[in-house]
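Engineer: Numbering (the numbering used here), first residue to last: 27 to 178. By construction, the Cβ of each residue, glycine as well, lies at the ideal position given by its N, Cα and C atoms.
As structure tokens, then:
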């Protein structure tokens, strides 16, 4: 129907519905003359001004940092094991001592989590804090998020 009204082909590839608590919707424009390129929905389990502010700040963070998972528990175990194997093989290829291998591998897996898991990421507005710390300070927990980018 929209295609007939707009005169353009409209294809909806993804849709997400998030309910409960406080949900912030953030649209990020790369240019003031263009429509938004990134859209984010982020929900927290609380209500009120502190919850709304935290939800918005983290939604902006999600738009910028592109996490794939909310918590470590959301990461598929096969992916974690694959990252662990890669870290171990890389450490061996670099000639790291066997005695330090466990710490090296765990450090690299932790680095993987910091890149992929929202609550483990350094907060975009204050890199001294993690997203988990920002949410904790507001007295809320993140419950769900969805990130959309035009063309993907």
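Determine the direct distance from the alpha carbon of residue 112 to that of residue 132, and round the result to whole angstroms.
Structural biologist: Walking along the chain shown from the start, residue 132 turns up at place 106. Walking along the chain shown from the start, residue 112 turns up at place 86. Residue 132 and residue 112: Cα-Cα distance of roughly 12 Å.
Engineer: Is it the case that the Cβ atoms of residue 70 and residue 160 are separated by a distance below 7 Å?
Structural biologist: On the chain shown, position 44 is the one that residue 70 refers to. On the chain shown, position 134 is the one that residue 160 refers to. No, they are not a contact pair.
Engineer: Return yes when the Cβ of residue 174 is within less than 7 Å of the Cβ of residue 46, no when it is not.
Structural biologist: The count along the chain shown starts at 1 and reaches residue 46 at position 20. The count along the chain shown starts at 1 and reaches residue 174 at position 148. Not a contact, by the Cβ cut-off of 7 Å.
Engineer: Using a Cβ-Cβ cutoff of less than 8 Å, which residues in the same chain neighbour residue 63 once the five nearest sequence positions on both sides are dropped?
Structural biologist: One-based indexing of the chain shown puts residue 63 at position 37. Result list for residue 63: 54, 55, 56, 175 and 176, in chain order.
Engineer: Can you tell which of 98, 104, 151 and 106 has its C-alpha closest to the C-alpha of residue 144?
Structural biologist: The residue you call residue 144 lines up with position 118 of the chain shown. Looking at the Cα atoms, 98 is the closest of the given residues.
Engineer: List in chain order: all unbroken beta strand (DSSP E) runs of 3+ residues lying wholly within the stretch 54-135.
Structural biologist: Complete beta strand (DSSP E) runs here, min 3: 64-70.
Engineer: Could you name the residues of the same chain whose beta carbon sits closer than 7 Å to that of residue 40, not counting the 5 residues immediately before and after it, in chain order?
Structural biologist: Taking the first residue of the chain shown as 1, we reach residue 40 at position 14. Around residue 40: 174.
Engineer: Tell me, to the nearest whole angstrom, how far the beta carbon of residue 51 is from that of residue 67; I am working on the premise that it is less than 8 Å.
Structural biologist: Stepping through the chain shown from its first residue, residue 51 is reached at position 25. Stepping through the chain shown from its first residue, residue 67 is reached at position 41. Sure, about 6 Å apart at Cβ, within 8 Å.
Engineer: Just grab the DSSP bridge partners of residue 172 for me.
Structural biologist: As a working note, residue 172 is residue 146 in the chain shown. Residue 172 pairs with 67.
Engineer: Using alpha carbons as the reference points, say which of 142, 110, 149 and 87 lies closest to residue 130.
Structural biologist: In the chain shown, residue 130 corresponds to position 104, counting from 1. Answer by Cα proximity: 110.
Engineer: Around the Cβ of residue 116, are there at least 16 other Cβ atoms within 10 angstroms (buried) or fewer (exposed)?
Structural biologist: As a working mapping, residue 116 is identified with position 90 in the chain shown. Answer is exposed; the Cβ neighbour count stays below 16.
Engineer: Grab me the residues of residue 119's own chain with a C-beta within less than 6 Å of its C-beta, minus the 5 sequence neighbours each way, in chain order.
Structural biologist: As a first step, residue 119 must be located in the chain shown, where it is residue number 93. For residue 119, where only same-chain residues beyond five positions count, there are no Cβ hits under 6 Å.
Engineer: Determine the burial state of residue 74: buried for a count of at least 16 other Cβ atoms within 10 Å of its Cβ, exposed for fewer.
Structural biologist: Here residue 74 refers to the residue found at position 48 of the chain shown. By the 10 Å Cβ count, residue 74 comes out exposed.
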